[in-house]
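For reference, the structure is listed below as structure tokens.
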Amino acid sequence: QVQLVESGGGLVQAGGSLRLSCAASGRTFSSSLMGWFRQAPGKEHELAAVIDWSDSSTYYPDSVKGRFTISGDNAKNTIYLQMNSLKPEDTAVYYCNGVRKGNPQFAWGQGTQVTVSS
């Protein structure tokens, strides 16, 4: 089993920054891709960033490209999401998870709330 614990969310004004952290434990080696998903009120989860442990390559959807940066420490099973130039539409609960074919691989953690005020 894999346990995921996210932290670092909060309330920030538009244009501000936040850094999210995710500590993973358990059989995380079963996923070479780790990522951040987010779920806005009334919407489904969407992928916000992905990192490939094998070569540290990253992927971002257009909605966050240039503003978000994913990084991680594979030895510590920890990933981060640096979010800059935040917009109100970034408001969501953010979750980390393994990624397989664009979908979450493990059970969700509790997530961390990010609220961006205009």
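Per the numbering used here, the sequence shown starts with residue 1403, numbered consecutively. Every residue gets a Cβ at the ideal spot worked out from N, C-alpha and C, and that includes glycine.
Backbone secondary structure at residue i - three-state DSSP
i, result
"P1490", "helix"
"A1416", "coil"
"N1479", "coil"
"S1473", "strand"
"G1428", "strand"
"V1404", "strand"
"V1501", "strand"
"Y1461", "strand"
Run of the beta strand (DSSP E) containing residue i, from where it starts to where it stops
i, result
"A1451", "1448-1454"
"F1508", "Segment: none, F1508 is in no beta strand (DSSP E) and carries neither H nor E."
"Q1515", "1514-1519"
"G1437", "1435-1441"
With 16 other Cβ atoms within 10 Å as the buried cut-off, status of residue i
i, result
"A1494", "buried"
"R1502", "exposed"
Does the pairing of the segment 1415-1432 with the segment 1495-1507 give three or more beta-carbon distances under 8 Å? Touching, per the Cβ criterion.
Is there contact between the segment 1404-1421 and the segment 1449-1463, where contact requires at least three CB pairs shorter than 8 Å? Too few Cβ pairs lie closer than 8 Å, so no.
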